[in-house]
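Top line first, the protein sequences correspond to chains D and X.
Residue numbers for the first sequence follow the numbering used here, so the first one is 1218 and each next one is one higher.
Residue numbers for the second sequence follow the numbering used here, so the first one is 179 and each next one is one higher.
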Amino acid sequence: MEVRKLLVKEVMRKDVVTVKESTTLRELMGIFYKYTFHTLPVVREDKKIVGVVALEDVLKIFYPHPPHILEMLERTPLWDGYEENNLLEVDIPPEMGVLCIVEDIMNTNVVTISEEATTVEARSLMKLHRLKRIPVVDKERHLLGIISLFDIILAIFKEKGIL
Amino acid sequence: MNPILAIGILVITGFFGGFIARRIKFPTISGYIIIGICLSLLNVIPKELVSGRLNVITDVALGIIAYMVGGSLNLKSLKKLGKNIISITPFEAGGAWLFVTLLIAAIGFFSVGFDFSNPNFSQVHLPMGIVIGAISCATAPAATIAIIHEYKAKGPLTTTLLGVVALDDAFAIIAYAIAISIVEALIISFKNISLFRTVINPLINIGGSILLGAALGFGLIYASRFAKTRHMLLVIVFGTILLCTGLTKILGISGLLANMAIGFIIVNKMKNNENMFGVIDDIEDVIFAMFFTLAGAHFDLGVMKVAGMLSLLIVVGRCSGKFVGARIGASISRAPIPVKKYLGFGLLPKAGVTVGLAILAKQHPAFSAVGGIMVSAILASVIINELIAPPLTKYAIFKAGEATTP
Chain D
1218 MEVRKLLVKE VMRKDVVTVK ESTTLRELMG IFYKYTFHTL PVVREDKKIV
1268 GVVALEDVLK IFYPHPPHIL EMLERTPLWD GYEENNLLEV DIPPEMGVLC
1318 IVEDIMNTNV VTISEEATTV EARSLMKLHR LKRIPVVDKE RHLLGIISLF
1368 DIILAIFKEK GIL
Chain X
179 MNPILAIGIL VITGFFGGFI ARRIKFPTIS GYIIIGICLS LLNVIPKELV
229 SGRLNVITDV ALGIIAYMVG GSLNLKSLKK LGKNIISITP FEAGGAWLFV
279 TLLIAAIGFF SVGFDFSNPN FSQVHLPMGI VIGAISCATA PAATIAIIHE
329 YKAKGPLTTT LLGVVALDDA FAIIAYAIAI SIVEALIISF KNISLFRTVI
379 NPLINIGGSI LLGAALGFGL IYASRFAKTR HMLLVIVFGT ILLCTGLTKI
429 LGISGLLANM AIGFIIVNKM KNNENMFGVI DDIEDVIFAM FFTLAGAHFD
479 LGVMKVAGML SLLIVVGRCS GKFVGARIGA SISRAPIPVK KYLGFGLLPK
529 AGVTVGLAIL AKQHPAFSAV GGIMVSAILA SVIINELIAP PLTKYAIFKA
579 GEATTP
């Protein structure tokens, strides 16, 4: 079998670390600390995916203004960006660890892929959206697994007999 | 001078203008515009080129601006804005529109003299007032954001200010489309054309633009499936904006509204739409450098005797309209007292969309005689605003007690 015909379901990982919308910032940082990857699917009880949360999203808590307004302003001509305040200068109370939950900072604009798609399509999506991990879902958007660039490279190496 | 050399000069000199502006903590756009004005004063680029073959840059840049503004109108984000921002925006923008229109139409009729015979009130001053008023709705965020950032401002006034500024450009584009339709109706009504056509023409213009934009938006969603890389996506998105702008020119409808409708459809109807706007970010710097420098080059020192008075009327009308409108909107929505008292002071910067719409108005046949004066007056008012607005924004933030650093 040629590598480029490999299906996502043959390569994806099924043991996915996920978080819930109600996961607190403190718990989330604990998970980030434990694992080397810092992009996690956010799922509900029925495993339906509702978002993704990445380490970059945690930076939103350093913005003193609502993120949805800053997102609107990003579309104005020659937007120079809004730098997050100097992390050392920001006055964040300790309660933020439990008051801020994943729902407040997650990205709901989620790129997903079907398990029947090929690894070539998965790689195209990764390049298009500049992602390294893509959640794999069924038609009802229930999370089935996750595919990463590492998984694809691993499969290619195995196919070629390198590993 | 050939157009390609002119574009090269615009981009390179504009780049250094933007660079210096950022160094002295001014918005990049202001740097482009001032360099453009210098090019005009030094007569570097021939006037016939600025107002002739280089117009294509204006059309493309405005298509991009409108598409991006449409993309800012995410219904989910709009719902989160809250009633204060939603209520205040139409009042402060409408206030600027009304006050500028009244001042230009009333005072301008007596104080702004033109060098052509019989400048008619209903065919010159009133249409000019209506269109410049609509253009005055826009607010530029760069200067405001810089001050908010500098003083680490935080609180209800700051949040409302950011929200209103975020909505203003969309409001200005819609206001401009309506204003141009009114002006066309005013002008054709003097040519003994039926009342039916006078009313139906604006509706066809606005409705047709939105329909075309929506159709192209859905078409773009479908076509984007074939893009496997960001480069391919850029080709499709940019191509659709050009297609839309070109079609609206053939059909005689609003390219701004149509491109805004494309952005609106994309942001609300397409999953994973961030790239659809992100790819435009990759090219907008070069296009806006040439566009805003070109806009500055439209400045004509020779008409400033007339345009100077007009620019003062624009500044006074816009400031008072924004201030009064914001106060009324804040009272109606029962916004906190600092918002009611000081919001108007923060809404004065203007640059990007204002300048774009001014150049577009100059190209409109209705303003063939006064277009140059209008643009010079608006450019002068932009410069005046860039100078007076930052201290006033700072005053508002400090008076509201929202600055956290001295």
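By construction, the Cβ of each residue, glycine as well, lies at the ideal position given by its N, Cα and C atoms.
Proximity test, Cβ basis, 8 Å: residue i and chain D
i                 : result
PRO543 of chain X : no
ASN451 of chain X : yes
PRO380 of chain X : no
PHE593 of chain X : Residue 593 of chain X lies beyond the range of chain X shown here (179 to 584); nothing can be said about it.
LYS261 of chain X : no
LYS406 of chain X : yes
ASP478 of chain X : no
ASP460 of chain X : no
SER255 of chain X : yes
GLY530 of chain X : yes
ASP347 of chain X : yes
THR336 of chain X : yes
Which of helix, strand or coil DSSP assigns to residue i
i                  : result
ILE1330 of chain D : strand
ILE266 of chain X  : helix
LEU1380 of chain D : coil
ALA348 of chain X  : helix
HIS1285 of chain D : helix
ILE1266 of chain D : strand
VAL1354 of chain D : strand
ILE1387 of chain D : Residue 1387 of chain D is absent from the model: chain D starts at 1218 and stops at 1380.
HIS409 of chain X  : helix
ILE1309 of chain D : coil
PRO1294 of chain D : coil
ARG221 of chain X  : With the sequence shown as reference, residue 221 of chain X is identified as Asn, and Arg is not the correct amino acid for it. Correct three-state label for ASN221 of chain X: coil.
ARG1243 of chain D : helix
LEU1224 of chain D : strand
HIS542 of chain X  : coil
LEU1348 of chain D : coil
THR1235 of chain D : coil
Between the CA atoms of residue j and residue i - distance to the nearest angstrom
i                  : j                  : result
VAL517 of chain X  : TYR400 of chain X  : 44 Å
ILE313 of chain X  : ALA199 of chain X  : 24 Å
LEU220 of chain X  : ASN1324 of chain D : 50 Å
ALA574 of chain X  : ILE282 of chain X  : 28 Å
MET1313 of chain D : LEU412 of chain X  : 40 Å
CYS1317 of chain D : ILE1309 of chain D : 11 Å
SER265 of chain X  : LEU1290 of chain D : 19 Å
LEU345 of chain X  : ILE352 of chain X  : 11 Å
LEU429 of chain X  : ILE1330 of chain D : 40 Å
HIS327 of chain X  : LYS254 of chain X  : 26 Å
VAL222 of chain X  : ILE187 of chain X  : 9 Å
PHE204 of chain X  : THR317 of chain X  : 15 Å
PRO514 of chain X  : PRO527 of chain X  : 23 Å
SER300 of chain X  : GLY530 of chain X  : 29 Å
Local Cβ density within 10 Å of residue i, reported as buried at 16 or more and exposed below that
i                 : result
VAL464 of chain X : exposed
VAL234 of chain X : exposed
ASN437 of chain X : buried
ALA547 of chain X : exposed
LYS540 of chain X : buried
THR191 of chain X : buried
is_contact[residue i, chain X] using C-beta, thresh 8 Å
i                  : result
ARG1292 of chain D : yes
HIS1255 of chain D : no
HIS1359 of chain D : no
MET1393 of chain D : Residue 1393 of chain D is absent from the model: chain D starts at 1218 and stops at 1380.
SER1331 of chain D : no
PRO1281 of chain D : yes
VAL1220 of chain D : Here the model assigns VAL1220 of chain D a pLDDT of 48, short of 50, so the residue's position is not dependable and the matter cannot be decided.
ILE1286 of chain D : yes
LEU1345 of chain D : yes
SER1341 of chain D : yes
What beta strand (DSSP E) runs, 3 residues minimum, are completely inside the segment 223-263 of chain X? none
Starting from the N-terminal side, write out each stretch of the alpha helix (DSSP H) that is 4 residues or longer and does not extend beyond the segment 420-498 of chain X. 433-447 and 452-475
I'd like the ranges of any beta strand (DSSP E) spanning at least 3 consecutive residues and lying wholly in the segment 301-330 of chain X. none
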